[in-house]
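Residue numbers (the working numbering): 98 to 411.
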Amino acid sequence: MAFATRSFVRAASSASAATAAAKKLVIKHVTVIGGGLMGAGIAQVAAASGHTVVLVDQSDEILKKSTKGIEESLKRVTKKKFADKPEAGAEFIEKTLKNVTTSTDAAAVVHSTDLVIEAIVENLEIKNELFKTLDKFAPDHTIFASNTSSLQITNLANSTTRQDRFAGLHFFNPVPMMKLVEVIKTPMTSQKTFESLMDFSKAVGKSPVSCKDTPGFIVNRLLVPYMMEAVRLFERGDASKEDIDVAMKLGAGYPMGPFELLDYVGLDTSKYIIDGWHSLEPDNPLFAPSPLLNKLVAEKKLGKKTGEGFYKYK
98 MAFATRSFVR AASSASAATA AAKKLVIKHV TVIGGGLMGA GIAQVAAASG HTVVLVDQSD
158 EILKKSTKGI EESLKRVTKK KFADKPEAGA EFIEKTLKNV TTSTDAAAVV HSTDLVIEAI
218 VENLEIKNEL FKTLDKFAPD HTIFASNTSS LQITNLANST TRQDRFAGLH FFNPVPMMKL
278 VEVIKTPMTS QKTFESLMDF SKAVGKSPVS CKDTPGFIVN RLLVPYMMEA VRLFERGDAS
338 KEDIDVAMKL GAGYPMGPFE LLDYVGLDTS KYIIDGWHSL EPDNPLFAPS PLLNKLVAEK
398 KLGKKTGEGF YKYK
């Protein structure tokens with residue numbers, strides 16, 4: 098009887114441990130790598146929802162600009178959210194900013210983080226080098242996530258020893274306003290990791306959708322070919338870019354036409370995405386490169402950020 102009791106206790110303890118291991122990670126501490134618009138936006142929504150955030154970039158100058166941008170964005174948010182309660186709005190801004198610290202040393206700040214979100218340049222080698230380095234310093238429980246919009250998550254996860262704790266977490270610009278987050282699960286991503294990221298996305302006020310690790314995920318897989326087909330329509334002389342934009346805004350109810358959107362996103366970004374997909378699936382006509390897009394990028398006419406793309410901007 099005593100033996101049976103001991104066996105039962107051991108079995109119960111093992112079951113308890115297995116249950117604990119399967120429990121989702123409650124994410125409290127977040128490290129965001131990259132202080133650009135996307136990274137700063139992610140840091141803002143995480144901090145505003147009560148998470149402790151460290152925002153990392155290469156220089157203090159960039160980080161000062163990032164935190165200033167967060168503060169200005171919070172002011173815009175509070176004008177609507179706390180229109181009749183200015184004191185509450187000021188308190189919200191102060192509390193959110195207190196949740197954000199900055200650093201230029203990513204390896205030094207990941208030792209106690211629950212989640213690392215990478216939002217740096219869309220370059221596979223640079224991202225892989227970053228994840229490979231951070232993998233050595235982050236605790237075993239830490240989840241790694243990339244905000245990439247075009248690279249395959251599996252290729253990033255393979256640079257680490259934590260493929261089961263690696264996923265895509267794709268936010269949309271401007272992050273404080275856009276409600277969607279795509280949570281990308283690779284064949285190696287554990288269910289625990291996936292559920293933890295779904296919960297985190299909801300905690301920061303977003304509506305998460307899930308997708309397998311397919312090129313472009315959901316939104317860009319549909320959006321980029323749509324924009325490229327608009328370019329081909331224009332290249333063939335079937336319609337002017339102005340009429341195509343008007344048609345999609347008035348006929349399909351889109352807030353921006355495809356050429357306006359291309360200029361907003363950046364022609365170099367769109368070219369980078371379509372070139373990457375074309376290399377993966379060279380026979381897919383949806384991913385065929387555009388001579389006109391290539392020409393504009395070569396001429397440094399990248400859209401709104403350079404003052405000219407398909408349209409000219411003052």
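Glycine is no exception: its CB is placed at the ideal position from the N, C-alpha and C atoms.
Reduced DSSP secondary structure (H/G/I, E/B, other) of residue i
i	result
E405	strand
L152	strand
I130	strand
G350	coil
R333	coil
N391	helix
A118	Because A118 carries a pLDDT of 47, less than 50, the predicted location of this residue cannot be relied on, and no value is offered for it.
P183	helix
E378	coil
K161	helix
A143	helix
V343	helix
K177	helix
A385	coil
I124	coil
G138	helix
G373	helix
Y361	helix
Beta-carbon contacts of residue i that lie in its chain and below 6 Å, excluding the five residues immediately before and after
i	result
A114	The predicted position of A114 is uncertain, since its pLDDT is 40 and thus under 50; a value taken from the coordinates is nonetheless stated next. None.
V301	V142, A143 and S146
T286	A264
S256	N225, F228 and K229
S111	Reliability fails at S111, whose pLDDT of 48 lies under 50, so the model's placement of it is uncertain and no value is given.
K195	none
8 Å Cβ shell around residue i - same chain, five flanking residues per side excluded
i	result
D372	P386
D360	G400, K401, G406, F407, Y408 and Y410
N270	L134, M135 and G138
A187	T175
H238	L122, D211 and R262
K276	G302, K303 and S304
V306	L277, V278, E279, V280 and I315
Chain-order list of residues whose beta-carbon lies under 7 Å from that of residue i (same chain, five-residue window excluded)
i	result
F384	I371, W374, H375 and E378
G404	Y410
G363	L399, G400 and K402
S170	Q141 and P273
L330	A336 and I341
Residue i and residue j closer than 8 Å at C-beta
i	j	result
A235	V207	yes
E215	L248	no
V197	I167	yes
K368	V394	yes
I417	S293	For residue 417 there is no data in the structure shown, the boundaries of the chain being 98 and 411.
D342	P355	yes
V150	I130	no
L231	A205	no
S243	N317	no
T45	I250	Residue 45 is absent from the model: the chain starts at 98 and stops at 411.
M324	L347	no
N332	L266	The identity of residue 332 in the sequence shown is Glu, whereas the question assumes Asn. Not a contact, by the Cβ cut-off of 8 Å.
T164	T128	no
Sheet register partners of residue i (DSSP bridge)
i	result
G166	None, per the DSSP bridge assignment.
G400	E405
*Please go through the region 263-321 and give each complete alpha helix (DSSP H) segment of 4 or more residues, from N-terminal end onward.*
Those alpha helix (DSSP H) runs which fall completely within the region 263-321 and span 4+ residues are 288-300.
*asked:* What ranges does the alpha helix (DSSP H) occupy inside the region 186-261, keeping only unbroken runs of at least 4 residues that lie completely in it?
replied: 203-206, 221-234 and 250-254
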